[in-house]
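Asks: In my numbering, the protein residues as written are 456 to 729. The C-beta atom is built at its ideal place from N, Cα and C for all residues, glycine as well.
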Ligand SMILES: CC(C)(COP(=O)(O)OP(=O)(O)OC[C@H]1O[C@@H](n2cnc3c(N)ncnc32)[C@H](O)[C@@H]1OP(=O)(O)O)[C@@H](O)C(=O)NCCC(=O)NCCS
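Structural data, given as structure tokens:
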């Protein structure tokens, strides 16, 4: 592994050598992508101190892929595509349910029990077991989505490829992300938290506790919080304006399920190979 890591580092520092004709770079980069695809490698993980650790070299390999591959045409029925990356395959073996209209790129990882409604999962993303990616939700490059998460209809989870050390969006186990929420630019949603429909979480939007009025963080919704999109008053030389904030309206007990967002197991049960 460390050999592969140092070879990727070498190629990243010698971009002039990275061409579709260079079979050595192709071999190294494609190996990383295959290992991402099967979940042997991840772009990031949460360590024992609860910090997000980014494996920069893996992201570098993804960036190199775009230089190391030429464009190809692919077709599905009447549709034509022109791109450098292929889609994931082999969903039966993976135990993943994929509804027509969904696509996940090779190099993303989908755990057993994932359901993809017509949605999109980009390269480098990692999606945990039992997670539902609902209609028109998009999981951006390298985003890390935990187990038993619900990304409701139209949710936008931002991607991060550049710069290589940028922290991806992290949604932790059991979180519910309401319809049309946007979580972008390395923002993080803690375990079991609930985002009301239309909430926008970015590193510049304050998360405020409705009980105390305190700003808890920016870009991080802690565990077990129920939050909604709200506004805060701000004075500017030009007048008084209302800027968005994320308001914590309720705290759940650890493991408590919010009654309005409980999942229906019947939608999730499908054949999962052991
Ligand atoms: C956040 C949510 C779970 C409600 O949580 P709750 O703990 O029951 O909170 P309440 O409904 O009591 O709402 C608390 C306050 O926030 C407000 N609020 C609720 N949802 C809101 C939202 N999405 N945006 C802004 N404010 C919201 C309520 O009006 C209420 O204010 P009020 O006391 O003045 O009436 C729910 O409103 C929601 O958004 N669910 C997600 C729906 C969805 O996306 N479904 C997906 C289908 S695919």
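1) Identify every run of the beta strand (DSSP E) within the stretch 511 to 550, keeping only runs that are complete inside it and at least 3 residues long; order them along the chain.
2) Can you tell me which of 541, 661 and 567 puts its alpha carbon nearest to the alpha carbon of residue 488?
3) Check each candidate in 558, 494 and 471 and name the one with the smallest Cα separation from residue 570.
4) Just mark residue 596 as buried or exposed, buried being the case when its beta carbon has 16 or more other beta carbons within 10 Å.
5) State yes or no: is the C-beta of residue 610 within less than 8 Å of the C-beta of residue 623?
6) What separation, rounded to the nearest whole angstrom, lies between the Cα atoms of residue 552 and residue 589?
7) Taking 6 Å as the limit, name every residue whose beta carbon sits nearer than that to some heavy atom of ligand 1, in sequence order.
8) Please name the residue, chosen from 680, 532 and 701, that lies closest to residue 713 on a Cα-to-Cα basis.
9) Can you check whether the C-beta of residue 559 is within less than 8 Å of a C-beta belonging to chain B?
10) By the 10 Å Cβ neighbour count, where 16 or more other Cβ atoms means buried, how is residue 563 classified, buried or exposed?
11) Beta-carbon separation of residue 657 and residue 674 under 8 Å?
12) Quick one: residues in its chain with C-beta nearer than 6 Å to the C-beta of residue 643, no 5 flanking neighbours on either side, listed in chain order?
13) Would residue 645 pass as a contact of residue 682 if the rule is Cβ separation under 8 Å?
14) Using 10 angstroms around the beta-carbon of residue 465, count the other beta-carbons present and answer buried if the total reaches 16, otherwise exposed.
15) Look at residue 632 and residue 638 and say whether their C-beta atoms are less than 8 Å apart.
16) For residue 503, which three-state DSSP category applies?
17) What's the gap between the Cα of residue 664 and the Cα of residue 672?
18) Within the continuous beta strand (DSSP E) that includes residue 681, where are the two ends?
19) Among all the DSSP beta bridges, which residues are the ones paired with residue 559?
20) Considering Cα atoms alone, identify which of 649, 490 and 505 is closest to residue 498.
21) In chain order, what residues of the same chain have a beta carbon less than 8 Å from the beta carbon of residue 539, not counting five sequence neighbours either side?
22) Exposed or buried, what is residue 627 when buried is set at 16 or more other beta-carbons lying within 10 Å of its beta-carbon?
23) Evaluate residue 715 with the Cβ neighbour count: other Cβ atoms within 10 Å of its Cβ, from every protein chain shown; 16 or more gives buried, anything less gives exposed.
24) How about residue 509 and residue 501: do their beta carbons lie closer than 8 Å?
25) Locate the alpha helix (DSSP H) running through residue 457, then write down its first and last residues.
26) Sorted by chain position, which residues of the same chain lie with C-beta nearer than 8 Å to residue 477's C-beta, five sequence neighbours on each side aside?
Replies: In short:
1) 527 to 531 and 534 to 538
2) Start at 1 with the first residue of the chain shown, and residue 488 comes out as number 33. It is 541.
3) Translated into the one-based positions of the chain shown, residue 570 becomes position 115. Measuring from the Cα of residue 570, the nearest candidate turns out to be 558.
4) Translated into positions along the chain shown, residue 596 becomes position 141. Residue 596 is buried by the Cβ-count criterion.
5) Your numbering for residue 610 matches position 155 in the chain shown. Your numbering for residue 623 matches position 168 in the chain shown. Taking 8 Å as the Cβ cut-off, residue 610 and residue 623 do not qualify as a contacting pair.
6) Here residue 552 refers to the residue found at position 97 when the chain shown is read from its first residue. Here residue 589 refers to the residue found at position 134 when the chain shown is read from its first residue. Those two C-alpha atoms are separated by around 12 Å.
7) 589, 607, 608, 633, 634, 649, 651, 652, 653, 681, 683, 684, 704, 705, 713, 715 and 716
8) In the chain shown, counting from the first residue as 1, residue 713 sits at position 258. Among 680, 532 and 701, the Cα nearest to that of residue 713 belongs to 680.
9) In summary, chain B is missing from the structure at hand, where a single protein chain is found.
10) Position 108 of the chain shown, counting from 1, holds the residue named residue 563. So residue 563 ends up on the buried side.
11) By one-based count along the chain shown, residue 657 stands at place 202. By one-based count along the chain shown, residue 674 stands at place 219. For residue 657 and residue 674, yes; Cβs fall inside 8 Å.
12) Within the chain shown, residue 643 is the residue found at index 188, counting from 1. Excluding positions up to five away in sequence, the list reads 625 and 675.
13) Reading the chain shown from its first residue, position 190 is the one you call residue 645. Reading the chain shown from its first residue, position 227 is the one you call residue 682. Result no, Cβ atoms of residue 645 and residue 682 do not sit closer than 8 Å.
14) Counting from 1 along the chain shown, the entry for residue 465 is found at position 10. Flag for residue 465 reads exposed.
15) As a first step, residue 632 must be located in the chain shown, where it is residue number 177. As a first step, residue 638 must be located in the chain shown, where it is residue number 183. A contact, by the Cβ cut-off of 8 Å.
16) Counting from 1 along the chain shown, the entry for residue 503 is found at position 48. Residue state, collapsed to three classes: coil.
17) Translated into the one-based positions of the chain shown, residue 664 becomes position 209. Translated into the one-based positions of the chain shown, residue 672 becomes position 217. C-alpha separation (whole angstroms): 10 Å.
18) What you label residue 681 is simply residue 226 of the chain shown in a count that begins at 1. First-last of the beta strand (DSSP E) with residue 681: 680 to 691.
19) Numbered from 1 along the chain shown, position 104 holds the residue referred to as residue 559. Answer is 576.
20) In the chain shown, the residue the question calls residue 498 occupies position 43. Nearest of 649, 490 and 505 to residue 498, Cα basis: 490.
21) Here residue 539 is taken as the residue at index 84 of the chain shown, counted from 1. Here the set comprises 520, 521, 524, 525, 526 and 527.
22) In the chain shown, the residue the question calls residue 627 occupies position 172. Flag for residue 627 reads buried.
23) The residue given as residue 715 occupies position 260 in the chain shown. Exposed.
24) As a working note, residue 509 is residue 54 in the chain shown. As a working note, residue 501 is residue 46 in the chain shown. Their beta carbons are not under 8 Å apart, which means residue 509 does not touch residue 501 by this criterion.
25) Counting from one through the chain shown, the residue named residue 457 turns up at place 2. Residue 457 -> alpha helix (DSSP H) spans 457 to 468.
26) As a position in the chain shown, residue 477 is number 22, starting the count at 1. The answer, listed in chain order, is 523.
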